[in-house]
Amino acid sequence: MQKIAIEFNFSETVFVFSPSNPQANFDVRIFTPGGEIPFAGHPTIGTAFLLGYLGMVHLTSDTTEIVLHEEVGNVPVTIYSKYNEVIATELNAPNPPKFLRDIPSKESLAEVLSLSEKDLSEKFAPQAVSCGLPFFIIPLNSFSALSNAQLNLTAWQKTLSNHFAPHVYPCYQMDKFEWRVRMFAPSLNISEDPATGSAASAFAGYLASYQPEKNGNWQWLIEQGLEINRPSKIIASATKKDNKIIQIKVRGESVIITEGILLT
Numbered sequence: 005m006q007k008i009a010i011e012f013n014f015s016e017t018v019f020v021f022s023p024s025n026p027q028a029n030f031d032v033r034i035f036t037p038g039g040e041i042p043f044a045g046h047p048t049i050g051t052a053f054l055l056g057y058l059g060m061v062h063l064t065s066d067t068t069e070i071v072l073h074e075e076v077g078n079v080p081v082t083i084y085s086k087y088n089e090v091i092a093t094e095l096n097a098p099n100p101p102k103f104l105r106d107i108p109s110k111e112s113l114a115e116v117l118s119l120s121e122k123d124l125s126e127k128f129a130p131q132a133v134s135c136g137l138p139f140f141i142i143p144l145n146s147f148s149a150l151s152n153a154q155l156n157l158t159a160w161q162k163t164l165s166n167h168f169a170p171h172v173y174p175c176y177q178m179d180k181f182e183w184r185v186r187m188f189a190p191s192l193n194i195s196e197d198p199a200t201g202s203a204a205s206a207f208a209g210y211l212a213s214y215q216p217e218k219n220g221n222w223q224w225l226i227e228q229g230l231e232i233n234r235p236s237k238i239i240a241s242a243t244k245k246d247n248k249i250i251q252i253k254v255r256g257e258s259v260i261i262t263e264g265i266l267l268t
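Going left to right, the sequence shown walks through residues 5 to 268 as my numbering numbers them.
Below is the structure:
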């Protein structure tokens with residue numbers, strides 16, 4: 005499977021199996037060119053779309069609930085359809101957000117992105133967050149800083165390569181509930197990812213932590229991939245109850261771009 009993922013050289017390659025868990029519809033293993041990962045958002049969303057598209061999941065109504073068993077655990081997914089055609093899929097993050105407080109200096113984080121410390125946001129603090137796969141969220145104070153960011157591999161190796169969250173997620177707030185983001189994951193051999201659902205789930209947890217209300221539901225539009233001419237739009241939402249984040253969802257659309265057969 006790893007050799008196939010390296011040959012395809014996509015951000016992620018997914019392999020689907022019959023379920024080993026009685027609560028799941030399918031087992032799923034996800035590989036990047038650099039190795040297997042326990043959870044990924046867009047492979048989950050795309051896999052659920054494909055299962056519905058191929059008729060491997062019976063679309064019972066406008067919404068069909070399935071469970072994909074990944075290394076991180078069971079991941080519930082909703083398939084939205086109309087006239088028996090899949091139009092979107094939405095995952096429930098398998099874990100609540102985990103925040104790590106061991107944060108490198110702003111100067112060193114800016115260096116990772118080939119930026120200066122003044123390019124980092126004063127309103128939102130850098131934070132390492134995981135809902136199954138850890139990301140280092142680095143909010144910036146301007147759109148130009150986000151556009152100009154370039155991964156400094158030497159600085160990354162020094163600051164984040166051995167960190168809990170080595171995958172770099174710079175972001176900029178375009179509007180109250182709209183963000184532009186990028187994602188660099190050199191440890192996974194991903195130079196830049198056009199859409200990262202697992203990061204969006206962590207990011208939704210991060211943004212929910214900034215909401216002052218103890219109870220509520222919020223939704224954000226996350227745009228990614230424009231800098232590499234592969235634009236994507238992700239809808240992420242978070243629910244808080246008694247000041248605790250109890251649910252995170254990530255929704256997106258998928259399209260078939262190619263088909264093929266592997267011969268052994």
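Ideal Cβ positions, reconstructed from N, Cα and C, are used throughout, including at glycine. Computed from a predicted structure; not experimentally measured.
Counted within 10 angstroms of its Cβ, other Cβ atoms place residue i as buried (16 or more) or exposed
| i | result |
| --- | --- |
| G264 | exposed |
| L267 | exposed |
| Y173 | buried |
| D197 | buried |
| P235 | exposed |
| L95 | buried |
Whether residue i touches residue j by CB criterion (9 Å)
| i | j | result |
| --- | --- | --- |
| A206 | F168 | no |
| A208 | V185 | no |
| A149 | L119 | yes |
| N152 | K122 | no |
| I239 | Q228 | no |
| G256 | T93 | yes |
| G38 | A189 | yes |
| S195 | P170 | no |
| N25 | H62 | no |
Distance cut-off 8 Å: residue i Cβ against heavy atoms of the ligand ZN
| i | result |
| --- | --- |
| L225 | The ligand ZN is not among the ligands present in this structure, which contains no ligands whatsoever. |
Boundaries (first-last residue) of the alpha helix (DSSP H) holding residue i
| i | result |
| --- | --- |
| I8 | Q6 to F12 |
| Q161 | L157 to T163 |
| S151 | F147 to N152 |
CA-to-CA distance, residue j to residue i, given in whole angstroms
| i | j | result |
| --- | --- | --- |
| A76 | F21 | First, the residue type needs correcting, since residue 76 is Val and not Ala in the sequence shown. Roughly 16 Å between the two C-alpha positions. |
| D106 | T163 | 12 Å |
| N166 | K248 | 29 Å |
| L58 | I252 | 27 Å |
| K102 | F43 | 14 Å |
| A97 | E40 | 18 Å |
| V116 | A129 | 16 Å |
Endpoints, the beta strand (DSSP E) within which residue i is located
| i | result |
| --- | --- |
| Y214 | Looking at the DSSP string, Y214 is not in any beta strand (DSSP E), and its letter there is neither H nor E. |
| F19 | T17 to F21 |
| E182 | E182 to V185 |
| D179 | H171 to D179 |
| R255 | K248 to G256 |
| S191 | Where S191 is concerned, there is no enclosing beta strand (DSSP E), given that its DSSP letter is neither H nor E. |
Whole beta strand (DSSP E) elements within the stretch 71-140, 3-residue minimum:
Whole beta strand (DSSP E) segments, 3+ residues: 77-86, 89-96, 102-104 and 131-134.
Could I get the ranges of all uninterrupted alpha helix (DSSP H) runs contained in the stretch 27-76, with 4 residues as the minimum, in chain order?
Qualifying alpha helix (DSSP H) stretches, in chain order: 45-57.
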